[in-house]
Amino acid sequence: MIRISVLFLAFAFFSCGSNDKSKENAQENTSGVTALTDEQLLDAVQKQTFKYFWDYAEPNSGLARERYHPDGNYPENDSNIVTTGGSGFGLMALVSGMSQGYITKEQGVERLNKIADFLGKADRFHGAWSHWIDGNTGKVKPFGTKDNGGDLVETSFLVAGMITVREYLKDGSEKEKAVAQKFDALWKGVDWQWYTNNKNVLYWHWSPNYAWQMNFPLQGYNECLITYVMAASSPTHTIDAKAYHEGWARSGGIVSSKTKYNIPLILKHNGAEEFGGPLFWAHYSYVGLDPNQLTDKYANYWDLNVNQTKINYQFCVQNPNKNAGYGPDYWGLTASYSRNPDGSIGYNAHMPSNDQGVISPTAAISSIVYTPKESMALIRNLYDNHKDETWGDAGFYDALSLGNKWAAKRYLAIDQGPEVVMIENYRTGLLWKLFMNAPEVKQGLTKLGFKSGKYGI
2 MIRISVLFLA FAFFSCGSND KSKENAQENT SGVTALTDEQ LLDAVQKQTF
52 KYFWDYAEPN SGLARERYHP DGNYPENDSN IVTTGGSGFG LMALVSGMSQ
102 GYITKEQGVE RLNKIADFLG KADRFHGAWS HWIDGNTGKV KPFGTKDNGG
152 DLVETSFLVA GMITVREYLK DGSEKEKAVA QKFDALWKGV DWQWYTNNKN
202 VLYWHWSPNY AWQMNFPLQG YNECLITYVM AASSPTHTID AKAYHEGWAR
252 SGGIVSSKTK YNIPLILKHN GAEEFGGPLF WAHYSYVGLD PNQLTDKYAN
302 YWDLNVNQTK INYQFCVQNP NKNAGYGPDY WGLTASYSRN PDGSIGYNAH
352 MPSNDQGVIS PTAAISSIVY TPKESMALIR NLYDNHKDET WGDAGFYDAL
402 SLGNKWAAKR YLAIDQGPEV VMIENYRTGL LWKLFMNAPE VKQGLTKLGF
452 KSGKYGI
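All residue numbers for the sequence shown refer to our numbering, where the first residue is 2 and numbers rise by one.
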């Protein structure tokens, strides 16, 4: 699989969990079959997708596999490879699963303890974990020749999950407190300052063999905002605010005055300044970071994400490439598995400027906090009308091209995770509340100049 942001350089550079009240509230569809209410349908999707991180987790580590192929057809030695960033989403999914009762709290704590112990022994590079880890050994699994060391962005997704777990367990039983303390110690071991390479910017990678040769500074808008928030929040290895303002925000150059479909983009999306990037940019940083009422001198982050999602939606509705099926109930472009021209399965960063006729269910589902009506339309269309071809062991399959009668009957952690977490945030706000109320997060956001009326920042 190709790293998503490197793709951008190339471009521009079922178990149904129904409630007792279901029979009272159920609606009848036109065929006379009892349909699920929206709430029941959301619960069904959340519960089934949660299985990715529970039933289909990598067995030795308890972490999230990079991918799950129900047919068992994996690339060589790939079924035990775990993903650091996807496991961060998985930690939040486990909190959601305990809260919703998909698993007991005791079961969840046992799994979390196992995960903490594994990560404590896994390879680290100045405190950061690698993109991929061998679930059997804890050793780095190179993502590429020079990408065989610390991956700061993936680590930041993992650390956001750790903080969420800590906040959920810190006032519990003695065992829960002990697990919370393990995750607290792990995240405080990341040396964010090292990853500035003595400059006012964070760098994505460092390798013990190739040092800084990957040379990927985190500048301009993409999925990496959370990396700066975590680095500023660290009580042990924090960064100067200049790295955020001069590096990430490019001394104000990150701001955009462009609009699409009369919708302001607000920030310049790297390599995608006309329509905005793939929709995971509105998800990964915001599974814990609550964009409601969140502002700094560059953006209102709620407006930013709602607008990106609406532009993506409008593109699919207008459907300039005449892709079969695109419309108000079949939309959503983001990075995922993809359909190659010969019908085989590949990978691509789908977005309006790179429309391959492939819809990724995670795009609309994980956007439910921004576009609830439009997201529910996609969910209901797939579930009610296309369940046989789109629904499997861990929820909706990763990528679809209904016009070609094609689906990638596979799953990726980085796509399933945001679905579980954002549905939880839409239903209860739980993961946002836990993360945003962590004292270090509030301090980090304040340091970078963020404000949030919702959380008193």
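Beta carbons: idealized from backbone N, C-alpha and C, even for Gly.
The segment 88 to 96 makes contact with the segment 414 to 432, as at least three CB pairs between them are under 8 Å. The Cβ atoms of W130 and G151 sit closer than 9 Å to each other. Taking C-beta atoms under 8 Å as the contact rule, T165 and F436 qualify, at a distance of about 5 Å.
By the Cβ neighbour-count rule, Y456 is buried, with 16 or more other Cβ atoms within 10 Å of its own.
In the DSSP assignment, Y348 falls within the unbroken beta strand (DSSP E) covering 346 to 350. In its chain, beyond the 5 residues on either side, Y302, F451, K452, S453 have a beta carbon closer than 8 Å to the beta carbon of T296.
As DSSP reads the structure, T296 sits in a beta bridge with N301, K452. Per DSSP, reduced to three states, the secondary structure at I134 is strand. In the three-state DSSP reduction, S402 falls in the strand class (E or B). Apart from the 5 residues on each side of it in sequence, A123 sits with its Cβ closer than 6 Å to the Cβ of I134, G139 in its chain, given in chain order. Per DSSP, the beta-bridge partners of T260 are P265. Closest in C-alpha terms to A400, from the list A300, Y245, R381, A365, comes A365.
For I82, the enclosing beta strand (DSSP E) starts and ends at 82 to 84.
A414 has its alpha-carbon roughly 27 Å from the corresponding atom of E441. Taking a cut-off of 8 Å for Cβ pairs, the segment 311 to 321 and the segment 344 to 351 do not touch, as fewer than three such pairs fall below it. Per the coordinates, the alpha-carbon of S80 lies some 39 Å from the alpha-carbon of Q319. If you draw a straight line from the Cα of Q108 to the Cα of K176, it is about 12 Å long.
Distance from the CA atom of P279 to the CA atom of T335, rounded to whole angstroms, is 4 Å. In this structure G333 is buried. Its beta-carbon is surrounded by 16 or more other beta-carbon atoms within 10 angstroms. Counted as a single uninterrupted DSSP element, the beta strand (DSSP E) harbouring R340 occupies residues 336 to 340. When DSSP states are grouped into helix, strand and coil, A161 belongs to the helix group. By the criterion of a C-beta distance shorter than 8 Å, W195 is surrounded in its chain by H127, G128, W207, H238, once the five residues flanking it on both sides are discounted. Taking the Cα positions, K243 is about 19 Å away from L268. DSSP, read as helix, strand or coil, puts F126 in strand. Using a 10 angstroms sphere on the CB of Y262, the tally of other CB atoms stays under 16, which defines it as exposed.
For P143, the closest of A408, T429, T85 by C-alpha to C-alpha distance is T85.
As DSSP reads the structure, V141 sits in a beta bridge with I134.
In the DSSP assignment, A408 falls within the beta strand (DSSP E) that extends over 407 to 409. Taking the C-beta atoms as reference points, A117 is found no nearer than 9 Å to S88. Taking all protein chains in view, the Cβ of K183 is crowded by 16 or more other Cβ atoms within 10 Å, so the residue is classified as buried. In the structure shown, I360 falls within a strand segment according to DSSP collapsed to helix, strand and coil.
Within the same chain, Cβ atoms closer than 8 Å to the Cβ of W249 are found at V202, L203, L219, Q220, G221, C225, L226, Y229, I255, the five residues on either side in sequence being excluded. According to the DSSP secondary-structure assignment, R68 is paired through a beta bridge with L413. Its chain contains G347 as the residues whose beta carbon lies nearer than 8 Å to that of N341, once the 5 sequence neighbours on both sides are disregarded; these appear in chain order.
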